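Have a look at the structure below before the remarks.
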Amino acid sequence: WKVVIKLTVCFRNNANVPKLLINIKMSQLLHGFCTDLLKELASILGFAYEIRLVPDGKYGFQDDKGQWNGIIRELMEADLAVAPLTITFAREKVIDFSKPFMNTGISILYHRPNNTNNGFFSFLKPMTPDIWVYILLAYLGVSCVLFSPYEWYDAHPCNPSSDVVENNFTLLNSFWFGVGSLMQQGSELMPKALSTRIIGGIWWFFTLIIISSYTANLAAFLTVERMESPIDSADDLAKQTKIEYGVVKDGATMSFFKVEFPYMCLRNSTSFVKSIEDGTQRVLKSDYALLMESTTIEYVTRRNCNLTQVGGIIDSKGYGIGTPKGSPYRDKVTIAILSLLEDGRLHMLKEKWWSGSSCQEDERYETGPMNIQNLGGIFIVLASGLVLSVFVAIGEFIYKLRKTAEREQVSDVLVGDQLVRRLWLERVGNNSMI
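Quick note: my numbering has the sequence shown finishing at residue 511, numbered continuously throughout.
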């Protein structure tokens with residue numbers, strides 16, 4: 078056989094080598110997945126080959142006059158075209174393709190996003206607005222319930238004639254106790270009654286869960302915001318005008334988007350790039366997105382940590398080895414490719430050239446503000462504690478009435494009336510002093 082391989086721009090790694098050396102030892106100077114694939118095919122089918130680069134460095138595109146350039150045109154003289162040559166309907170009409178040796182699709186190459194402006198109130202994002210409202214209502218409710226009659230105590234126990242009683246858990250102090258617990262700082266106030274201790278313990282547990290959940294979700298939120306990209310798909314590109322985007326000129330991706338995105342055709346002088354290398358540099362140096370095959374994006378991003386793939390794969394296609402129309406070599410090459418696929422050698426070749434990235438993989442967080450479905454349980458626990466403490470406070474009050482009535486040998490109603498009046502007069506006196 079006489080096999081001439083057409084390598085496109087992505088394989089021109091030896092452009093600085095003198096032309097004389099290229100013409101003499103082309104097969105020894107070039108390296109990559111396609112050259113290794115060609116060696117495997119030559120080993121299986123037993124043929125010798127001569128490698129020649131495509132003069133214009135194009136894959137193959139048909140102009141308005143029906144003329145082809147690049148690899149497709151060169152197949153008029155060559156026997157095989159081994160390259161990341163996408164199998165398309167238009168190309169299949171003028172050349173023959175082997176079975177695909179690699180599957181691919183169109184995706185977006187974009188630079189890694191920089192730190193985003195999180196806004197002045199980003200600290201509120203870890204929880205939904207209704208959760209913040211519920212927390213405020215819970216704080217007000219707990220502070221009011223903390224005001225228990227059983228917290229009144231004799232300020233001068235050594236003076237039996239003293240009628241002065243005090244309560245550290247005034248309404249303002251109750252609010253202060255709630256704030257101190259919520260901020261994980263505590264306060265000098267400590268409940269003495271069983272009912273207030275129950276609600277205090279439940280409130281501490283509530284604040285522990287809320288603060289822990291908020292802290293964890295805030296860290297995840299800030300991480301995701303730093304990783305956010307202004308675009309997530311080709312539709313996002315089409316709907317905006319800030320980010321310029323395009324494809325490699327005269328390629329299969331250009332044919333695909335020629336109808337889908339007229340913007341590229343209207344501004345072809347700025348949207349198209351001559352080669353993958355030019356497109357990669359443009360992505361790095363400006364706000365530009367390059368639409369290209371996902372396999373090439375994977376290869377490029379593994380070698381440049383400032384680049385990343387945005388969005389998923391738009392379509393599904395494959396790379397095939399091209400032969401002239403009616404070539405007797407196509408079926409033999411197809412059988413050899415199937416053999417390489419079955420014994421895993423094609424996979425090993427891809428691992429050889431696509432693995433070994435030095436870039437740290439992104440950790441993708443799927444997070445959102447915590448809502449009532451996430452934190453509803455802790456509110457139920459708090460409400461249950463409030464109800465329990467109220468019943469305990471009522472029990473304490475009744476128990477105190479009976480003990481006092483037995484000691485003074487009067488009715489429970491009379492003791493209760495006296496106690497209520499005493500507390501009321503004490504409260505009025507304190508307010509008048511204020």
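Don't be surprised by glycine CBs; every beta carbon is placed ideally from N, CA and C.
In this text the structure is predicted, and so the values were computed from the model without any measurement.
Does the region 264-275 come close enough to the region 459-473 to have 3 or more Cβ pairs within less than 8 angstroms?
Contact check between the region 264-275 and the region 459-473: three or more CB pairs, one atom from each, fall below 8 angstroms, which counts as touching.
Is the CB-CB distance between A311 and L259 below 8 angstroms?
No, the Cβ-Cβ distance between A311 and L259 is not below 8 angstroms.
Going by beta-carbon coordinates alone, are K316 and F349 separated by less than 8 angstroms?
no
Take P307 and list the residues in its own chain whose beta-carbon comes closer than 6 angstroms to its own, dropping the five residues that flank it on each side.
Cβ within range, chain order: n/a, list empty.
Going by DSSP in three states, H108 sits in which element: helix, strand or coil?
coil
Complete alpha helix (DSSP H) runs within the region 382-419 (minimum length 4 residues, chain order):
406-419
Using the Cβ count rule (16 or more neighbours within 10 Å means buried), how would you classify H188?
buried
Please report the distance separating the alpha-carbon of D313 from that of D173.
36 angstroms
According to DSSP, is Q262 helix, strand or coil?
coil
Same chain only: Cβ atoms within 7 angstroms of A513, ignoring 5 sequence neighbours per side
Here the chain has residues from 78 to 511 only, and residue 513 is not among them.
Are I208 and M447 close, meaning C-beta to C-beta below 8 angstroms?
yes
For N448, three-class secondary structure by DSSP
coil
Just the Cα atoms here: how many angstroms apart are L463 and V222?
Roughly 7 angstroms separates the two Cα atoms.
Beta bridge counterpart(s) of F174 as assigned by DSSP:
G399
Applying the 10 Å Cβ sphere with the 16-neighbour rule, what's the burial state of L214?
exposed
For the alpha helix (DSSP H) holding E321, just list the boundary residues, first then last.
It is not in any alpha helix (DSSP H) - E321 instead sits in the beta strand (DSSP E) that spans 321-323.
Check whether the region 375-386 and the region 140-147 touch, using three or more Cβ-Cβ pairs below 8 angstroms as the test.
no
If the criterion is Cβ atoms closer than 8 angstroms, does the pair E117 and R422 meet it?
yes
Exposed unless 16 or more other CB atoms sit within 10 angstroms - verdict on T373
buried
Tell me the DSSP bridge mates of S466?
None; S466 has no bridge partner.
With DSSP run on the structure shown, which of helix, strand or coil describes N250?
helix
Would you mind reading off the limits of the beta strand (DSSP E) that contains M179?
179-181
Since E127 is in the beta strand (DSSP E), which residue starts that stretch and which ends it?
Where E127 is concerned, the enclosing beta strand (DSSP E) stretches over 126-128.
Would you call the region 414-430 in contact with the region 275-282, where contact means no fewer than 3 C-beta pairs closer than 8 angstroms?
no
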